[in-house]
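Residue numbers (our numbering): 541 to 891.
Note that beta-carbon positions come from the ideal geometry of N, C-alpha and C, so glycine has one too.
Every value quoted in this text rests on a predicted model; they were computed, and no experiment measured them.
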């Protein structure tokens, strides 16, 4: 996912001072509680200044990481950035503040930094969230460990034990008539994990059906990731009709949604429903959105993925080289059931 470079003729205004103050407060908790970064370890912030949101985050990090090294990506050669990475020691911190996403030849930044034993906080595609969306993004950085860790672990426990699941919304039901894969957590608790950090904001528990063909029913999609990797919200939710784990029909499909389906079918033959995502970030709702689909994925509610790609859960018959698409779609959600227990009501998790 890459976005086009920002035009110099379209300057991005600064965010208001209160947004910068909020960012500093939220990032203090991210650094102290989630990442557990302390004064014994160095920090390197690689940034650009192309957008108001990027500048706000950099200022917030300057306040909270006064001893860090700050490196403007646009003012140095890629070799300089790579050299600075390699000067760091295990458990040091790298922060990436990117209006688009940094390219360093074949260097996959976050993956390679993790290989070096570094902690990573990545902010990416900030140019896709102008103006008020930048303030929504900052609000989503708020880290409440009791909520994220408590609710996240409770959801995982229920998911792992559930004999089946249902997502109900707008009068439709999508049924997962099998057990679910062991849930994965993105809740800002990295204890016992090989890597510390990742893309922020956070807040998600995800799984998928053990038996993908056990997924049947209907779901109403209120937002989907379009071919520009943006949050596309149709005027009327698109209904997907799912049989044996595949999208076999739609109602109220927009031309762009149909285009997404056509692209998947052209390359993969059929449209699988794979991920069942339990978004937890309360800063994002059906009405309070951001344009970057990878950020909006944390929205407090249910999202699904369309396409065969979901490398976290290998399945027989799915080859990595042939699975090309993982398109996030967001289901109108009134209730979620794990087994017979309702775990979502009135826009919130109830575990």
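- Under the three-state reduction of DSSP output, residue 620 falls in the helix class.
- For residue 699, the secondary structure class from DSSP, reduced to helix, strand or coil, is helix.
- The alpha carbon of residue 575 has as its nearest neighbour, out of 757, 842, 659, the alpha carbon of 659.
- For the set 830, 628, 674, 751, the Cα lying nearest the Cα of residue 654 is the one of 628.
- If you look at residue 765, you'll find it in the beta strand (DSSP E) that goes 755-765.
- Here residue 871 really is in contact with residue 759; their C-beta atoms are around 4 Å apart, less than 8 Å.
- Three or more beta-carbon pairs separated by less than 8 Å are not found between the stretch 757-775 and the stretch 726-739, which leaves the two stretches without contact.
- Taking the C-beta atoms as reference points, residue 661 is found nearer than 8 Å to residue 570.
- Apart from sequence neighbours up to five positions away, no residue of its chain approaches residue 802 with a beta-carbon distance below 6 Å.
- Under a 10 Å Cβ-count criterion, residue 701 is classified as exposed, with fewer than 16 other Cβ atoms of the shown protein chains found around its own Cβ.
- Distance between residue 775 and residue 708, taken at the CA atoms: about 20 Å.
- Measuring C-alpha to C-alpha distances from residue 747 to each of 878, 567, 607 identifies 878 as the nearest.
- Judged by pairs of C-beta atoms under 8 Å, the stretch 628-641 touches the stretch 582-595, as three or more such pairs exist.
- Taking a contact to require three or more Cβ pairs closer than 8 Å, the stretch 835-846 and the stretch 808-823 qualify as touching.
- Residue 686 and residue 695 have their C-alpha atoms some 14 Å from each other.
- Look at the beta carbons and you see the stretch 825-836 touching the stretch 663-675: at least three pairs across the two are nearer than 8 Å.
- In the displayed model, residue 780 falls within a strand according to three-state DSSP.
- Beta-bridge annotation (DSSP): residue 867 is paired with 846.
- Excluding residues up to 5 positions away in sequence, 583 lie with their Cβ nearer than 6 Å to the Cβ of residue 605 in the same chain.
- By the CB criterion at 8 Å, residue 717 and residue 756 fall inside the cutoff.
- Of 648, 621, 567, the smallest CA-CA separation from residue 596 is found for 567.
- Residue 697 and residue 864 have their C-alpha atoms spaced approximately 31 Å apart.
- Relative to residue 792, the option among 804, 778, 812 whose CA is nearest is 778.
- In this structure, residue 781 sits away from residue 761, with a CB-CB distance that is not shorter than 8 Å.
- For residue 812, the closest alpha carbon among the candidates 866, 703, 798 is that of 866.
- Taken through DSSP and simplified to helix, strand or coil, residue 661 comes out as strand.
- In the three-state DSSP reduction, residue 570 falls in the helix class (H, G or I).
- Secondary structure note for residue 791: it is in no alpha helix (DSSP H), and the uninterrupted beta strand (DSSP E) holding it is 786-791.
- The straight-line gap separating the alpha-carbon atoms of residue 844 and residue 800 is approximately 14 Å.
- Residues 552, 553, 554, 555, 674 of the same chain have their beta carbon placed closer than 7 Å to that of residue 592, with the five preceding and five following residues left out of the count.
- By the Cβ neighbour-count rule, residue 590 is buried, with 16 or more other Cβ atoms within 10 Å of its own.
- The continuous beta strand (DSSP E) containing residue 609 extends over residues 609-612.
- A distance below 7 Å between beta-carbons, with the five flanking residues on each side excluded, links residue 680 to the following residues of its chain, in chain order: 741, 821, 823, 824, 838.
- Collapsing the DSSP output to three states places residue 713 in a strand.
- Short of 6 Å from the beta carbon of residue 710, and not among the five residues preceding or following it, lie these beta carbons of its own chain, in chain order: 760, 872.
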